[in-house]
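J.:
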Amino acid sequence: MIDFPNAKINLGLRVIRKRTDGYHDIQTLFFPVGLSDVLEIVPNYTQTANIEVTGLVPEGDPQSNLCMKVWEILHKEKGIPGVDMYLHKRIPSGAGLGGGSSDAAFALKMLDRLFDLSLTEEQLKEYAVRIGSDCPFFLYNCPMAAQGRGEVLSRVDVDVNGYYLVLVIPPLHVPTREAYAQITPAEPPEPVQKTVLRNIELWREHLVNDFEEPVFRKYPLLADIKNRLYQAGAVYASMSGSGSALYGLFTDKPEVHALSEGNRIFIEKIGSMFH
0 MIDFPNAKIN
10 LGLRVIRKRT
20 DGYHDIQTLF
30 FPVGLSDVLE
40 IVPNYTQTAN
50 IEVTGLVPEG
60 DPQSNLCMKV
70 WEILHKEKGI
80 PGVDMYLHKR
90 IPSGAGLGGG
100 SSDAAFALKM
110 LDRLFDLSLT
120 EEQLKEYAVR
130 IGSDCPFFLY
140 NCPMAAQGRG
150 EVLSRVDVDV
160 NGYYLVLVIP
170 PLHVPTREAY
180 AQITPAEPPE
190 PVQKTVLRNI
200 ELWREHLVND
210 FEEPVFRKYP
220 LLADIKNRLY
230 QAGAVYASMS
240 GSGSALYGLF
250 TDKPEVHALS
260 EGNRIFIEKI
270 GSMFH
């Protein structure tokens, strides 16, 4: 079985408070984009699982990949047999695009189908929350306002159909924990899920990512990329998650050759794949 775990961007990201469990309460809007990994899962009918990772391979032991964690949980609790997994990474880690969470959520859905577990939507979500805060979003893969750790989700019909999304991925890894350490949590003047319903022309002033200020301070290159997206004609530009990827929304397909130097560029017209 083969599927294509896709990335996400954050439209706005406010850090509200630090919780007693060590996590942070946030407000954001998760938005799916077409950049994707490739995941194949093949039953081997042993009692063990293996994973082979190619492409933009993250640092660390591949056997600690979140896809393996998904299999381990379902093997222990549902008795599924062993599998061989082949993961080709096109979504870089440490970029704020949710690639690892997406891989895990897709692995969960694929293993459910592959072994006829017939998990309910609620059961799938419970497993996803155990794996990672962003994982539940990828079970739905449509624009979702997120609160809590990111697992409290509600559908939002944000009007960006027809816009061009330009994703700029610089060769930088921003550690999420390090980024959170620089944030002073605060209640925003307006909830993100309300701000995204405003006219997109107003987003530049009102739709804020709290991570930008501390991350841009440490990595001025990222602030420069955001400025260049606006110079290229973006209606709205922002960092995704805690970085390092940035994106711009354009009314017309832009010329972004100057941004491609040293960076990976992904462009799509919003409105066909997910929305």
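For the sequence shown, numbering that gives the first Met the number 0 assigns the number 0 to the initial residue and increments by one for each residue that follows.
Don't be surprised by glycine CBs; every beta carbon is placed ideally from N, CA and C.
Bear in mind the structure is a predicted one, so any value in this text is a computation, not a measurement.
Which partner residues of Met84 appear in the DSSP bridge assignment?
T.: The partner list for Met84 (beta bridge, DSSP) reads Ile40, Ile50.
J.: Give me the Cα-Cα distance between Glu125 and Pro135, rounded to the nearest whole angstrom.
T.: Rounded to the nearest angstrom, the two C-alpha atoms are 8 Å apart.
J.: Tell me which same chain residues have a C-beta within less than 8 Å of the C-beta of Arg191, skipping the five on either side of it?
T.: Reading the sequence as shown, one finds Val at residue 191 and not Arg. Cβ neighbours of Val191 beyond the five flanking positions: Leu10, Gly11, Leu12, Arg13, Gln26, Thr27, Leu28, Ala144, Leu206.
J.: Compute the Euclidean distance between the alpha carbons of Glu260 and Ile1, then round it to the nearest angstrom.
T.: Their backbone Cα atoms lie some 33 Å apart in a straight line.
J.: Would you report the Cα separation of His74 and Glu51, rounded to the nearest angstrom?
T.: Rounded to whole angstroms, His74 to Glu51 spans 19 Å at the Cα level.
J.: Would Leu245 pass as an interface residue toward chain C - the criterion being a Cβ-Cβ separation below 7 Å?
T.: In summary, chain C is missing from the structure at hand, where a single protein chain is found.
J.: Does the Cβ-Cβ distance between Gly95 and Ser241 come in under 7 Å?
T.: Their beta carbons are under 7 Å apart, which means Gly95 touches Ser241 by this criterion.
J.: In angstroms, rounded to a whole number, what distance separates the CA positions of Thr183 and Tyr163?
T.: Their backbone Cα atoms lie some 33 Å apart in a straight line.
J.: Output the distance between the C-alpha atoms of Arg216 and Asp223, rounded to the nearest integer angstrom.
T.: Rounded to whole angstroms, Arg216 to Asp223 spans 11 Å at the Cα level.
J.: In its own chain, which residues sit with a C-beta less than 7 Å from the C-beta of Arg18, not counting the 5 before and 5 after it?
T.: Only Asp24 meet the Cβ criterion.
J.: With DSSP run on the structure shown, which of helix, strand or coil describes Val214?
T.: In this structure, Val214 counts as helix in the three-state DSSP scheme.
J.: Please give me, in chain order, every unbroken run of the alpha helix (DSSP H) with length at least 4 that falls completely inside the region 113–148.
T.: Listed in chain order, they are 120–130, 134–139.
J.: When the Cβ atoms of the region 171–178 are set against those of the region 93–107, are three or more pairs found closer than 8 Å?
T.: Touching, per the Cβ criterion.
J.: Given a cut-off of 7 Å on the beta-carbon distance, is the pair Val82 and Ala103 in contact?
T.: No, the pair does not count as a contact, with Cβ atoms beyond the cut-off.
J.: Does the contact criterion of 3 or more C-beta pairs under 8 Å hold for the region 195–212 versus the region 145–159?
T.: A contact exists between the region 195–212 and the region 145–159.
J.: My output table needs one value for Asn5: the three-state DSSP class, helix, strand or coil.
T.: Of the three classes helix, strand and coil, the one that applies to Asn5 here is strand, per DSSP.
J.: Does the beta carbon of Val165 fall short of 6 Å from some heavy atom of the ligand SAH?
T.: You won't find the ligand SAH in this model; it holds no ligand whatsoever.
J.: In chain order, which alpha helix (DSSP H) runs of at least 4 residues are fully inside the region 165–221?
T.: Segments of the alpha helix (DSSP H) lying fully in the region 165–221: 175–180, 191–194, 202–205, 211–217.
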